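Residue 53 in numbering that gives the first Met the number 0 is what sits at position 54 of the sequence shown, and the numbering runs on without skipping anything.
The structure appears right after this line, and notes come after that.
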Amino acid sequence: MRVRKLMTAFVAAGIGAAGWFAAAAQRPVANGLTFLGEAVTSEQIDVGQAIYQDHCASCHGVRLEGEPDWRRRKASGRMPAPPHDATGHTWHHSDQELFTFTKSGLGAVLPDYESDMPAFGGC
Ligand code: HEC
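Right, here's the structure in full:
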């Protein structure tokens, strides 16, 4: 349940929707944005921004920009953290996929896939 709240807030914080995020910042209350079928509140947006900065920004960037040269595989063989703004591909994924990636890691969706993306299900 906590991860669901985290993800709702995180998505509300602007994942994959930088343009929307910029527009939403100028609005006093949450607009028609939903996550997993539920309306997102402006309070969740605030919480999401804080959670993002504390737990995600170290890899995905303070401004959602991702790691430098994020399309090029690292020497370790793993991929860098992609941007969560409109220049990345996060926004292509469904709410449920984003929830699962964050709760269980990418290995939950792609068996045997090695990734630096942690699973936050235990948080
Ligand atoms: C230690 C670094 C690190 C942290 C911290 C981190 N991530 Fe990631 N994340 C990654 C990497 C690396 C990838 C790319 C995975 C791959 O392709 O192997 C990724 C991928 C993702 C994806 C899939 C994006 C896409 O475009 O397919 C989502 C969603 C995601 N992360 C969400 C989060 C959220 C939400 C948080 C914070 C709660 C977070 N990440 C924290 C490293 C991190």
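Each residue gets a CB set at the ideal place from its N, CA and C atoms; glycine is no exception.
These numbers come from a predicted model, not from an experiment.
Neighbour-count burial assignment, residue i, 16 or more Cβ in a 10 Å radius
i: D45; result: exposed
i: L97; result: buried
i: V39; result: buried
DSSP-derived helix/strand/coil call for residue i
i: A80; result: coil
i: F119; result: coil
8 Å Cβ cutoff met for residue i and residue j
i: S114; j: G120; result: no
i: H54; j: A80; result: no
i: P82; j: G65; result: yes
i: L109; j: D84; result: no
i: L32; j: Q95; result: no
Span separating the alpha-carbon of residue i from that of residue j
i: F100; j: E42; result: 24 Å
i: K73; j: H92; result: 23 Å
**Message:** So within the region 38-110, which uninterrupted beta strand (DSSP E) runs reach at least 3 residues, ignoring any that extend past its ends?
**Reply:** none
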